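Input: a single structure, listed below in structure tokens.
Numbering (this note's numbering), first residue to last: 925 to 1110.
As structure tokens, then:
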């Protein structure tokens, strides 16, 4: 590092241009155990079109790059996750992540997919993964569905709580009013 600048030797890159290719395939990419292994968690449809979201968004990702002077960057946001199962005492500690990607030629110029975008010149050719680790944790806990009788009991509990608070408030206001009237009568 000289004066806050990185220096990279790319002389072999220019000499043997036919040897470098940043086209790549990601067969599987994960952080920790897969919660769907051994069919322990049923996959539920969670989108309008009925498709199931993936826990591994980069699986089977194919990137074709014809230009050797190219930067391919993945931005990954990783969050730790705990799965607690109803029928067992097993707890699975793993991680989930989301991924976005960006690629551009190092030589700059117009973007092929977005003609109104012009890229600056510069950078280091390659495939890069940038990680952002979240300080939060997701806890997925299985639980029994609420029965009709439990719902009715919950409604009665809420109504009873509202009546109790109302009675307490009424008693407090009545006592304060009585004390104020006694002081006026003196």
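Built from N, CA and C at the ideal position, the CB exists for glycine as well. In this text the structure is predicted, and so the values were computed from the model without any measurement.
Is the distance from the Cβ of residue i to the Cβ of residue j below 8 Å?
i	j	result
residue 1000	residue 1023	yes
residue 995	residue 1048	yes
residue 1016	residue 1067	no
residue 1043	residue 1035	yes
residue 949	residue 986	yes
My understanding is that residue i touches residue j, with C-beta atoms under 8 Å, so please give their C-beta distance in whole angstroms.
i	j	result
residue 1019	residue 1002	5 Å
residue 980	residue 952	7 Å
residue 993	residue 1031	5 Å
residue 1033	residue 946	Not a contact, Cβ separation roughly 17 Å.
Determine the DSSP secondary structure at residue i, reduced to helix, strand or coil.
i	result
residue 966	In this prediction, residue 966 has a pLDDT of 46, which is less than 50 and means its spatial position is unreliable; nothing more can be read from the coordinates.
residue 1033	strand
residue 935	helix
residue 1173	Only positions 925 to 1110 of the chain appear in this structure, which leaves residue 1173 out of reach.
residue 989	coil
residue 1087	helix
residue 975	Caution applies to residue 975, whose pLDDT of 48 falls short of 50 and renders its modelled position unreliable; the model cannot decide the point.
residue 1041	coil
residue 1053	strand
residue 1093	helix
residue 1106	helix
residue 955	coil
residue 944	coil
Can you name the start and end residues of the beta strand (DSSP E) that residue i belongs to?
i	result
residue 994	994–1008
residue 948	948–950
By alpha-carbon positions, which one of the options ends up nearest to residue i?
i	options	result
residue 1055	939, 933, 946 and 954	954
residue 957	1021, 933 and 1011	1021
residue 1057	1042, 1004 and 1063	1004
residue 1053	982, 933 and 944	982
residue 1064	1014, 1080, 933 and 1108	1014
residue 931	1046, 959 and 1039	1046
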